[in-house]
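The structure appears right after this line, and notes come after that.
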Amino acid sequence: MAKYWRIIRLLPYAIGMTKRLRNRLILSVAAVLGVVTVGPVLAVQYLDWNPHRERVAGWLSAALKRNVSISGALDLQLWPTAYIKVAGLRVESPDDAFKAPLLDLKSASIEVTLGALISKTILIERLEVDNAALSLQSLPDGRNNWTFSDPKQPRQHQPSAWTTIVRVAAIRDSEFGFAGRNPRFDQRLEIDELSSSLPEGRAQSALIVRGRYNETPLSVNGSLALSGDNNVDAALAVDLGAASGTVIGPIRDVMDGGNANLSLRFETTDLTETVGTVIPGLTPRARQMLAGTGSVTAEVNGWLPEGIRLEKVDVMTNSALLQVTASGEVELWRPGQVGLLPASNLRVLLETQALSELTDLFGGQLPLDTTAQAQGVLSGAPRNFRLDEIVFEASGAILKVSGTGRMEHIGSKEGLWLDLETKAETSSLARFTDAYGLIVPIDGSASASARVWGGRGQVRVDDIDAEVIAQSASLRAGGSIGPLGPSAEFDLPFEGATTSLKALLGGFAVTLPGDLSGTVGGSLKGTRNDLHVRNLDIDLRSDLLSASLTGSVGPLGPQASVNMPLRADLKDVAALAAHFGRSLPFSGTASAQGILTGPFDDLFVTGLSAGMKSELGQLRLDGELGLAGDSPTLNIASEITIPTLAALQPFTNVALSDYSGVSLTVSSEVFRAQGKVGIRHLSGVLRGDGIRQGRISGKLPDVSNLRSGSLAVDLELDHLG
């Protein structure tokens, strides 16, 4: 019993000892946790980071997968104000293919509010940057220097749940550049001074920017004022060279990332300078087109997590050559967007009162006073625009051109793709061609329609339908051309007709045997440098004669060659001579056939076979006859048959009535040699009453000199009458 009593008396003491041990254990654990958690904080707070700059740079290099160096001071602090200060920070681009580092920073400091991180907000109380150079670069192979993920892995675009807010910012003597795949579109922003702050209370804050954008002076002056607990009213004035404008409106829910509803208005007195500032590589042709004024108004709506858009966009430009009007919207940013290329949906109208001068700029020729307009819906993003619902029309005193269609892949690697239905009309073909220094033998109306379609290197002109209608003639052609370029293939069947060849050729010094009607058909085939007229079929008819030609001509040009079988039939030789002011004492019919061949400057007829029948007798010609050149070919065998010499009475004063029973046949060869026309192998036979033998032979080397010839007559008669 005493033993138990002693134990009972010791219980309070044991309990007290247990409590003291428990408290000591708790304090020990708390001390350990405090050392573990507070130790790193104290290290960050009081550690001199300068000796550890290389290690910090190594950590950043491993995280960013880039070479990072810190050559200046490095300081971190957590309280009473959390900040990071760094000098001499340099972040390299991925490799030597890039021309400059991503970031080269002389000094910067960032003050943040740590408590805001709990609500997933990065609240930067103050940001100061001095002498920074940020260079964004994109290579032709698609790589860029601002992407830190593995380029071989597909990108995962997920909307960020974090919001970043900068209360006060100050940037001095810094430069921001972008170098893309096309150097013409490289951008450069130099900031001498940038200061901004979010307003607090009733006080307004200022936004000031001084610098240069692509070497053009830039100035921004504005103010921000609180409107409610979480809204800001912005009013900015912007001057960029010859352009000036304003940005006015509210930004709601600033602490949640900002939801903008801003009105933009900009004007420029020198459109060439302003556009040349944004697109430094403007060509001289583009500068001449844009020489004038311009204006743009729009509304900026949206916020980063959901996208930012330019809505109610209205653009107007006015130059001597071209006026542009555009309206619609532009999507500046959307979740998951790659790069900084905006997407647009704009209805565009182009107008010109000087289409001739505008055509000259593009190497074309339109020597007529013509106005034009074109409209369509522009959608897509740079390097892949498309233009739908295209409608264009040009008109002048005698010319009208119209068309509809669409264009795709504008500015893309694949090249432009188009599909246009076009039509051109003129009320005076002669005046239209005369403007180009060409003479056509007819005047009338003309029209042509076609489908122009295809992509880079494969643009074709199909479904061609061209027609010329004049008082005395008509011509129609169809077919296709393509793909366009130096090796374009032409396949253009054509047909035409005239009711008066005399009227058709009235503008030329051509004398025709009466008035002819005719038809022509054929096909223009081949490439530009090897173009031929094939399957040619020409038919001419009048009261006096009929003629037909078939075959081909080509290749067209100075060296064109003709290969055309021909046939002609003459109903009245005397009537034909009368048309040329000649009088013949006989009448008759004639026909000829052969092959017209050779180049135009040396045309000749081969396989000539011609004949004439009259009351005098018959004439037959066979051989070759040159039609052009300094010394055209002449090699013709002739045969004349006169059934009765009495028929020759109109040509002589000698009485031939007694020789009505005598016939004469004469054959010879007419030739040209050394520029002279001569007759050789002259032979003849007289037959008839009283003639036992009658032969004639001789030659005449030069018909212009009768003394050069000789003539022998061998005649035996039964009696002298």
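If you read the sequence shown in this note's numbering, its first letter stands for residue 1293, the second for the next number, and so on.
Glycine included, C-beta positions come from ideal geometry on N, C-alpha and C.
Everything numeric in this text was worked out from a predicted model, so none of it was measured.
Nearest to residue i (by Cα), restricted to the options the options
i: Gly1970; options: Pro1942, Leu1926, Ser1959, Leu1940; result: Leu1926
i: Gly1909; options: Ser1923, Gln1885, Ala1929, Leu1940; result: Leu1940
i: Ser1923; options: Asn1945, Thr1933, Arg1964, Lys1905; result: Arg1964
i: Ala1758; options: Trp1745, Ser1739, Thr1819, Ser1427; result: Ser1739
i: Gly1749; options: Leu1767, Ile1734, Leu1708; result: Leu1708
i: Asp2010; options: Gly1982, Ala2004, Asp1994, Ile1988; result: Gly1982
i: Val1607; options: Thr1957, Trp1625, Leu1556; result: Leu1556
i: Glu1586; options: Val1616, Leu1409, Ser1901; result: One point to set straight first is that residue 1586 is Gly, not Glu, in the sequence displayed. For Gly1586, the nearest C-alpha among the options comes from Val1616.
i: Ser1719; options: Ala1762, Trp1351, Ala1742, Ala1618; result: Ala1762
i: Leu1858; options: Leu1658, Ala1354, Thr1898, Gly1849; result: Thr1898
i: Ser1741; options: Ser1952, Val1751, Thr1714; result: Thr1714
i: Arg1833; options: Thr1842, Lys1357, Ser1809; result: Ser1809
i: Gly1434; options: Arg1675, Ser1844, Ala1884, Ala1852; result: Arg1675
i: Ala1408; options: Glu1417, Gln1851, Gly1953; result: Glu1417
DSSP bridge partner residues for residue i (one or two, in chain order)
i: Glu1375; result: It is Tyr, not Glu, that sits at residue 1375 in the sequence shown. Partner(s): Gln1369, Glu1403.
i: Gly1810; result: Thr1790, Leu1832
i: Thr1609; result: Gly1586, Val1616
i: Phe1558; result: Gly1537, Val1588
i: Gly1514; result: Leu1499, Leu1528
i: Gln1479; result: Phe1470
i: Tyr1505; result: Leu1481, Thr1508
i: Lys1705; result: DSSP, once it has assigned bridges, lists no residue as partnering Lys1705.
i: Leu1641; result: Thr1617, Gln1667
i: Trp1625; result: Ile1600
i: Thr1842; result: Asp1829
i: Trp1595; result: Gly1599
Three-state secondary structure assigned by DSSP to residue i
i: Tyr1728; result: coil
i: Ile1410; result: helix
i: Ser2000; result: helix
i: Leu1937; result: helix
i: Gln1580; result: helix
i: Ala1354; result: helix
i: Ser1648; result: helix
i: Glu1384; result: coil
i: Arg1752; result: strand
i: Leu1868; result: helix
i: Arg1768; result: strand
i: Ala1389; result: coil
i: Leu1653; result: helix
i: Ser1363; result: coil
i: Leu1796; result: helix
i: Glu1565; result: helix
i: Ser1949; result: helix
i: Asp1894; result: helix
i: Leu1888; result: strand
i: Pro1993; result: coil
Contact belief for residue i with residue j at Cβ below 8 Å, rounded distance in angstroms
i: Ala2014; j: Ser1487; result: Only positions 1293 to 2013 of the chain appear in this structure, which leaves residue 2014 out of reach.
i: Gly1880; j: Met1904; result: 6 Å
i: Ala1839; j: Leu1796; result: Ala1839 to Leu1796, Cβ: 15 Å. No contact.
i: Val1512; j: Val1524; result: Wrong, their Cβ atoms sit about 16 Å apart, outside the cutoff.
i: Leu1784; j: Ile1830; result: Not really, about 17 Å apart at Cβ, beyond 8 Å.
i: Ala1867; j: Leu1836; result: 6 Å
Classification of residue i by the beta-carbon crowding that lies within 10 angstroms, buried from 16 upward
i: Asp2006; result: exposed
i: Phe1896; result: buried
i: Glu1681; result: exposed
i: Tyr1728; result: exposed
i: Lys1412; result: exposed
i: Asn1821; result: exposed
i: Gln1429; result: buried
i: Ser2000; result: exposed
i: Ala1535; result: buried
i: His1824; result: buried
i: Asp1735; result: buried
i: Gly1656; result: exposed
i: Glu1907; result: exposed
i: Lys1357; result: exposed
i: Gly1573; result: exposed
i: Asn1437; result: buried
i: Asn1269; result: Lying outside 1293 to 2013, the shown extent of the chain, residue 1269 is not represented and no answer is given.
i: Gly1771; result: buried
i: Ala1686; result: buried
i: Pro1343; result: exposed
is_contact[residue i, chain B] using C-beta, thresh 8 Å
i: Arg1358; result: The chain inventory of the structure shown lacks chain B, comprising one protein chain alone.
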